[in-house]
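Here's the structure we're looking at; comments come further down.
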Amino acid sequence: MLSTLPHLLQRGFPAIRRAALTTLQVNLGYLCNQQCLHCHVDAGPKRREIMARETVEAVLAALARNRIGTLDLTGGAPELNPHFRHLVREARALGVHVMDRCNLTVLCEPEQADLAAFLAEQEVEVFASLPCYLEENVDGQRGKGVFEGSIEGIRRLNAAGYGQGDPARRLNLVYNPTGPFLPPPQCRLEADYRRELKARFGITFDRLLTIANMPIKRFGSMLLSKGEFDAYLQLLEDAHQAANLETVMCRTLVSVDWQGRLYDCDFNQMLELPLRDPRGAPLTLADLQPGVLEGRPIVVAGHCYGCTAGQGSSCGGAMQA
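Structure, rendered in structure tokens:
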């Protein structure tokens, strides 16, 4: 795989600093039942990096110690970590709001038959990837049969009470482009998704988020191999909106990798740009103490334009109406 980091470090990005910490985003491992073209994690069925129970307990301790209100679980497919349900239950017992970044097809795995019911019981907010409402586009990006499995996954979530307007069981679909271009306006696309998915499949959801593809890992390597990397990065930079700097998620979020190391965001994690102590050593969950990161500069490079381009996105969808 071609490395994008040297190219990204050549691009400047405005300096930004961390604000008060509100969200812990935890990558439970790179194991996934899919292998998507756009994946910035390079996840797949053959990956063996999985967060251990000891590190899961360190996550719970950090949540309690820092009084963090939101736990954002990602992967890979986070549900494939054997400690996923324990982490969710214990975090909810602490009063923490839990978000699950779900690929939908994992709900159809034989050992996950009761996953939708579990998520509903724990009142987990689901963020589910669905890059299009057309089968050929989804399967082209994510693999043959993924669209059919995704629709079945939404049906199971709907049957468990998701996508019905219940604030305790919110189902958010996530759109990302199928190529090196920016997503369309979120509100307009949401209306298209709502109409088409209801008419074609009788399924519903609460909200659609649009995010830009990050020029790192698998997607970035593909762009480099095709000679399209610089043009895509220039597209992101040209679409930069300074107003988005105030609301990028890295200002209030800390990303945790499967080994418990800390990063400003999930993308920096994949680029191996960790948070460090004054001696240069990577910070871990044990170092995460109340207020210790507030005011620190955020590690930035060219990929950060993926969060501030156009409407802005990062992991939370459009930041501008």
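Numbering of the sequence shown is given in our numbering, commencing with residue 133 and proceeding in unit increments.
From the three backbone atoms N, C-alpha and C, an ideal C-beta is built for every residue, glycine too.
Asked	Found
CA nearest to the CA of Leu365, picked from Ala418, Arg149, Gly352	Gly352
Inter-residue CB distance, Leu205 and Arg180 (contact presumed, cutoff 8 angstroms)	The pair is not a contact, with the Cβ atoms about 19 angstroms apart (cut-off 8 angstroms).
contact_flag[the segment 314-328, the segment 282-292] where n(CB pairs < 8 angstroms) is 3 or more	no
Euclidean distance between Cα positions of Ile348 and Val188	27 angstroms
Inter-residue Cα distance where the pair is Pro315 and Pro309	6 angstroms
Proximity winner among Pro422, Glu426, Ile430, relative to Cys397 (alpha-carbon distances)	Ile430
Proximity below 8 angstroms, CB of Tyr437 to CB of Glu369	yes
Rounded separation between Gln296 and Thr336 - CA only	7 angstroms
Residue environment, Gly412, which counts as buried when at least 16 other CB atoms sit within 10 Å	exposed
Continuous alpha helix (DSSP H) stretch holding Val424: start and end	It is not in any alpha helix (DSSP H) - Val424 carries neither H nor E in the DSSP assignment.
Residue nearest to Leu405 in terms of C-alpha spacing, selected from Ala291, Ala260, Ser387, Val306	Ser387
Endpoints, the alpha helix (DSSP H) within which His139 is located	137-140
Runs of alpha helix (DSSP H) wholly within the segment 205-289 (minimum 4 residues, chain order)	216-225, 247-253, 267-274
Reduced DSSP secondary structure (H/G/I, E/B, other) of Gly161	strand
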